[in-house]
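Engineer:
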Amino acid sequence: MSYQKSIVHMDLDTFFVSCERLIEPKLIGKPVLIGGTSDRGVVASCSYEARTFGIHSAMPMKMALQLCPEAIVVRGNSMLYTEKSKAVTQIIQDNVPLFEKSSIDEFYIDLTGMDHFFGCMQWASELKKKIVKETRLPISFGLSQNKTVSKVATNEIKPDNQLQIMPGQEKAFLAPLPVKKIPMVGEKTYHALRQLGIRYIRTLQEMPVELMERTFGLSGIKMWQKAQGIDNSPVIPHQERKSISTERTFDRDTTDVIKLKAIMLAMAENLAFQLRRGQKLTACITVKVRYSDFNTYTLQNKIPHTSADHLLIPKVLEMFDRLYNKRLLVRLIGVRFSHLAEGHYQINLFEDSEEIIRLYQAMDKIRDKHGDRKVMRASGIEARTISRFNPFTGEPPPLLANRRR
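Residue numbering for the sequence shown is 130 to 534, as defined by the numbering used here.
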């Protein structure tokens, strides 16, 4: 028996802000900005109160504060965001047959066939209530026959709301909306469409598909189909990530090798802890260095599977030494562990002492209880501003962890 497709798009409302408000209720109802405060800092997320001033994600923080000087800037806690995202993911996983986690705060759920037993809208609504009750995080959803229309529906009715687009109504629902509402339309594409006189989706719906293909290639065909409410892309089952990484862009380019090595060490130490917490092992290390001229260099080495600091940190520092050019200013450095596999660190009977293993266990216990920056090597103290970071659930970009009122 074939069933009509039923796809839900769920999106946690201003997720980073909502997480911060759980631990600091005084932020409720205030214009809140999440992100960095340096000259290069950008807004990673903002509350709806801040959006009324014209502020949006990816806006330079300096500009955002000019628009709303009274905004409260929170430099973020990505460990908290990852923990809350994981809690929502677990609720969804326990209650639906098939879902896709497209980002830290967005999910697609395939409820096809559920109408035969239980109304899909009612099912999704009950799931929404369960998430709000158990996590205290606001969430919205759209329901339609495909991912594109469901996502647009969610964005139209946020925050803390829900909307179903009935079969056959997809094209009419999309028609009056601005063309930039189509998920694949970025700023450059939007300006190109405006030059063609296309401002609303209705106009795009009426365009010959051949013209869109001549102008935008295969992307033009896909864009035209989405405007018609056509999207056959499947919900891809949620899978564990195959790599974890973190990087640091400096406020000012630097040649301070002591600082650079301290940050590399702290990055490797933090990622090793995340491996152990996620019961993962890595078999490949990648180190990245970007200089002030924006030339970027990477070095990759395969290693036996491990999650041990005393094996990973020396290797990361050795690779950094091979990449580092003392004559150039450094703009960015990064570390990635890939080729991940399930498992715990295997003790080396000939090299590892009982003291080393107990030290790992004690340090990890403190980090789990009090945060992953509460205990660190003395040589990594220079890097105290590196984000608290768990990369296993589609993490946000690294954010710093202090507050500025």
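Virtual Cβ for every residue (Gly too), placed ideally from N, Cα, C.
To the nearest angstrom, how far is it from the Cα of Y453 to the Cα of K351?
Structural biologist: Along the sequence shown, read from residue 1 onward, the residue named residue 453 stands at position 324. Along the sequence shown, read from residue 1 onward, the residue named residue 351 stands at position 222. Straight across, the Cα-Cα distance linking Y453 with K351 is about 43 Å.
Engineer: Could you spell out the range, first to last residue, of the alpha helix (DSSP H) harbouring I359?
Structural biologist: The residue labelled residue 359 in the question sits at position 230 within the sequence shown. Per DSSP, I359 lies in no alpha helix (DSSP H) segment and is marked neither H nor E.
Engineer: What residue from Y329, S135, K455 has the CA that sits closest to R419's CA?
Structural biologist: For the purposes of this step, residue 419 is identified with residue 290 of the sequence shown, where counting begins at 1. Among Y329, S135, K455, the Cα nearest to that of R419 belongs to K455.
Engineer: Just to confirm my understanding: we take S167, look at its own chain, exclude 5 residues before and 5 after, and list those with CB closer than 6 Å. What are they?
Structural biologist: In the sequence shown, residue 167 corresponds to position 38, counting from 1. Closer than 6 Å at the Cβ level, and outside the excluded window around S167, lie D380.
Engineer: Runs of 4 residues minimum, wholly inside the region 408-447: which ones carry the alpha helix (DSSP H) assignment?
Structural biologist: none
Engineer: Between the region 260-276 and the region 290-299, do at least 3 Cβ pairs fall closer than 8 Å?
Structural biologist: yes
Engineer: Between the region 395-407 and the region 420-427, do at least 3 Cβ pairs fall closer than 8 Å?
Structural biologist: no
Engineer: Which stretch, first to last residue, makes up the alpha helix (DSSP H) that contains T332?
Structural biologist: Taking the first residue of the sequence shown as position 1, residue 332 is located at position 203. 330-335 is the extent of the alpha helix (DSSP H) around T332.
Engineer: Going by C-alpha distance, which of C413, H320, A397 is nearest H439?
Structural biologist: Residue numbering aside, residue 439 sits at position 310 when the sequence shown is read from its first letter. Among C413, H320, A397, the Cα nearest to that of H439 belongs to A397.
Engineer: On the criterion of 16 or more Cβ atoms from any shown chain inside 10 Å, does S174 qualify as buried, or is it exposed?
Structural biologist: Working through the sequence shown from its first residue, we reach residue 174 at position 45. Buried is the label assigned to S174, since at least 16 other Cβ atoms lie within 10 Å of its Cβ.
Engineer: State yes or no: is the C-beta of T608 within less than 7 Å of the C-beta of S176?
Structural biologist: Because the chain in this structure spans residues 130 to 534, residue 608 falls outside the shown range and cannot be described.
Engineer: Would you call S181 buried or exposed, if buried means 16 or more other Cβ atoms sit within 10 Å of its Cβ?
Structural biologist: Numbered from its first residue, the sequence shown carries residue 181 at position 52. Looking at the sequence shown, residue 181 is not Ser but Thr. Answer is exposed; the Cβ neighbour count stays below 16.
Engineer: Count the other CB atoms, across all protein chains shown, that sit within 10 Å of the CB of M139; report buried if there are 16 or more and exposed otherwise.
Structural biologist: Within the sequence shown, numbered from 1, the residue matching residue 139 stands at position 10. Its Cβ being crowded by 16 or more others within 10 Å, M139 is buried.
Engineer: Grouping DSSP H, G and I as helix and E and B as strand, with all else coil, what is P537?
Structural biologist: With the chain represented from 130 up to 534, any question about residue 537 goes unanswered, as that position is not in the structure.
Engineer: Please report the straight-line C-alpha distance between L333 and K280, rounded to a whole angstrom.
Structural biologist: Stepping through the sequence shown from its first residue, residue 333 is reached at position 204. Stepping through the sequence shown from its first residue, residue 280 is reached at position 151. Looking at the two C-alpha atoms, the distance is approximately 19 Å.
Engineer: Just to confirm, are Y237 and K287 a CB contact at a threshold of 7 Å?
Structural biologist: Stepping through the sequence shown from its first residue, residue 237 is reached at position 108. Stepping through the sequence shown from its first residue, residue 287 is reached at position 158. Cβ atoms of Y237 and K287: not closer than 7 Å.
Engineer: Enumerated in chain order, which unbroken segments of the alpha helix (DSSP H) with a length of 4 residues or greater are wholly contained in the region 230-282?
Structural biologist: 249-264
Engineer: Closest by CA to L458, which one among D422, E235, K444?
Structural biologist: Taking the first residue of the sequence shown as position 1, residue 458 is located at position 329. For the residues D422, E235, K444, the minimum Cα distance to L458 belongs to D422.
Engineer: DSSP beta-bridge partners for D140?
Structural biologist: The count along the sequence shown starts at 1 and reaches residue 140 at position 11. In the DSSP output, where bridge partners are listed per residue, D140 has E235, S269.
Engineer: Assuming Y319 and K309 are in contact, meaning their beta carbons sit under 8 Å apart, how far apart are those beta carbons, in whole angstroms?
Structural biologist: The sequence position of residue 319 within the sequence shown is 190, counting from 1. The sequence position of residue 309 within the sequence shown is 180, counting from 1. Contact holds; Cβ gap of about 5 Å.
Engineer: Determine, using beta carbons only, whether V416 and F449 come nearer to each other than 7 Å.
Structural biologist: What you label residue 416 is simply residue 287 of the sequence shown in a count that begins at 1. What you label residue 449 is simply residue 320 of the sequence shown in a count that begins at 1. Going by C-beta atoms, V416 is nearer than 7 Å to F449.
Engineer: From what residue to what residue does the alpha helix (DSSP H) around A397 run?
Structural biologist: As a working mapping, residue 397 is identified with position 268 in the sequence shown. Looking at the DSSP string, the run of the alpha helix (DSSP H) that includes A397 is 386-406.
Engineer: Tell me the residue span of the alpha helix (DSSP H) that contains S467.
Structural biologist: Indexing the sequence shown from 1 puts residue 467 at position 338. No alpha helix (DSSP H) holds S467; the beta strand (DSSP E) holding it covers 459-467.
Engineer: For A179 versus L162, is the C-beta spacing smaller than 7 Å?
Structural biologist: Here residue 179 is taken as the residue at index 50 of the sequence shown, counted from 1. Here residue 162 is taken as the residue at index 33 of the sequence shown, counted from 1. Yes, they are a contact pair.
Engineer: Taking 7 Å as the cut-off, decide whether the C-beta atoms of A193 and V172 are in contact.
Structural biologist: In the sequence shown, residue 193 corresponds to position 64, counting from 1. In the sequence shown, residue 172 corresponds to position 43, counting from 1. Closer than 7 Å, so yes.
Engineer: For P154, does the three-state DSSP call read helix, strand or coil?
Structural biologist: By one-based count along the sequence shown, residue 154 stands at place 25. Of the three classes helix, strand and coil, the one that applies to P154 here is helix, per DSSP.
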